[in-house]
Amino acid sequence: MTNPAQTYPLHHNPQLNADGELTHLLSIDGLPREALTNILDIASSFLEVSDRDVKKVPLLRGKSVFNLFFENSTRTRTTFEIAAKRLSADVINLDVARSSTAKGETLLDTIDNLVAMHADMFVVRHAASGAPYLIVDHLRRIGRSDVHVVNAGDGRHAHPTQGLLDMYAIRHYKKDFSSLRVAIVGDILHSRVARSDIHALTTLGVAEVRAVGPQTLLPAAIERMGVQVCHSLQDGLCDCDVVIMLRLQNERMNGTLLPSAREYFQCYGLTPAMLALAKPDAIVMHPGPMNRGVEIDSRVADGPQAVILPQVTFGIAVRMAVMSILAGN
């Protein structure tokens, strides 16, 4: 197994401690290629744990992992819980709807109370961009650098473990990043997954990353992130090796950015005919949940080029790798 205690160059990154060790995972932005590759390599060693009769290793035995999901989630929360339990951690799921936060307690007061309960790790999903950074800064100020934070999605900003599991899927099926053309299609403006994927893909040296979607769903000056913008789905898919589809995040939209879901599907929906423009061995990915008939045709979602369900399986191994690295095992 690759050494989880590997150190990386310091660039005033709150994810690294004074010795250059990864102690929090807040964003892929700013992490060196060696850090990403190390996580993927360690995840490979955890993948076979799922095939055992006893699906557990003792690396986090005695550790307490608190899942703090202030936004709804099924797939991400469940895979984090499975990953922590397979590492033999004690997992506590905070019921946010009934928590003191819902009664008016501040986020940081909640953190203080959970630290007093001897929390070792927080897995945080929050609607506010930057919330995990606020928690890390607070832990530093109260002298609790031994408590680790994993960002499970903050606002529109980042979803680093989803980005990492996407990279694991791409490496699994395509082996080498350097010659790949990757198309990210859809609501990139509101997508923290898209941002994390773009940072990871460019860091890992992908030949070309395309941001595909209508002008209203692309961030301003997205070209500065190192991507090629395509407003035509046909242009975006041409000769691609990997297609990452995104759902329309209506819950984050202010006002109407599209005429209708039906018209969006006509222009940007991934159908078998559109997928035929990509390379014959192209893989289709989706972070979920999918909106069939909006961004993706069921014939594609259930077809032989889709690797959407393996992504979920890989996600458990990747999250096991992240938590084992942060805990220093």
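With the first letter of the sequence shown counted as 1, position 11 gets the number 40 in the working numbering; the numbers rise by one all the way through.
From the three backbone atoms N, C-alpha and C, an ideal C-beta is built for every residue, glycine too.
Computed from a prediction, not measured in an experiment: that's the story for all the values here.
In the same chain as P301, and ignoring 5 residues on each side of it, the C-beta atoms closer than 8 Å to its own belong to D326, R328, V329 and G332, in chain order. The beta carbon of C267 sits closer than 8 Å to the beta carbons of L306 and A307 from its chain, once the five residues preceding and following it are set aside; these are given in chain order.
H53 counts as buried, since at least 16 other C-beta atoms from the protein chains shown sit within 10 angstroms of its C-beta. In this model, G242 and Q295 are separated by some 12 Å (Cα to Cα). One thing to note: P61 has its Cβ no nearer than 8 Å to the Cβ of Q191.
Bridge pairing for D119: S93 [DSSP]. Between D205 and I273, the CB-CB gap reaches or exceeds 8 Å. If the five residues before and after A157 are omitted, its C-beta is found closer than 6 Å to the C-beta atoms of G184, all from its own chain and listed in chain order. For I57 against P189, the beta-carbon gap comes to about 5 Å, under 8 Å, which counts as contact. Nearest in C-alpha terms to R276, of all of V153, V258, V256 and L299, is L299. The beta carbon of P161 sits closer than 6 Å to those of L55, V153, V178, N180 and D183, all from its chain and outside the five residues before and after it, given in chain order. Rounded to whole angstroms, the Cβ separation of R348 and F109 is 6 Å, and the two are in contact under 8 Å.
Inclusion of L137 and S117 in the CB contact set at 8 Å is not warranted, their separation being larger than that value.
Scanning Q263, V94 and I217 for the CA closest to the CA of E252 turns up I217.
In the three-state scheme derived from DSSP, where H, G and I count as helix and E and B as strand, N180 is classed as strand. DSSP places R62 within a helical segment (H, G or I) once states are collapsed to three. A residue is called buried once 16 or more other Cβ atoms fall within 10 Å of its Cβ, and L230 is buried on that count.
Non-local beta-carbon contacts of G159 in its own chain, meaning distances under 7 Å to residues more than five positions away in sequence, involve D183 and H186 in chain order.
For M196, the closest alpha carbon among the candidates L45, V222, F99 and S261 is that of V222.
In its chain, beyond the 5 residues on either side, A236 have a beta carbon closer than 6 Å to the beta carbon of S208. Taking the Cβ atoms as the reference, M150 lies roughly 7 Å from A356, within the contact range of under 8 Å. In the DSSP secondary-structure assignment, I325 is bridged to L299 and R321. Within 10 angstroms of the beta-carbon of L338 lie fewer than 16 other beta-carbons, which makes it exposed. Taking C-beta separations shorter than 6 Å and ignoring five residues to either side along the sequence, the partners of S220 in its chain run L275, following chain order.
Your pair I121 and I345 does not check out as a contact, with CB atoms roughly 19 Å apart and the cut at 8 Å. DSSP, read as helix, strand or coil, puts M254 in helix. A residue is called buried once 16 or more other Cβ atoms fall within 10 Å of its Cβ, and R210 is buried on that count.
Q278 and N101 have their C-alpha atoms some 13 Å from each other. Our two residues, L304 and E324, have alpha carbons roughly 12 Å apart in a direct line. Of all alpha-carbon atoms in S353, I140, M352 and P318, the one lying nearest the alpha-carbon of Q340 is that of P318. C-alpha of L233 to C-alpha of L123: approximately 35 Å in a straight line. Around the beta carbon of V351, 16 or more other beta carbons sit within 10 angstroms, so the residue counts as buried.
Distance from the CA of P43 to the CA of P309, rounded to the nearest whole angstrom, comes to 42 Å.
For H201, the uninterrupted alpha helix (DSSP H) segment begins and ends at P189 to K203. A distance below 6 Å between beta-carbons, with the five flanking residues on each side excluded, links L168 to the following residues of its chain, in chain order: V176.
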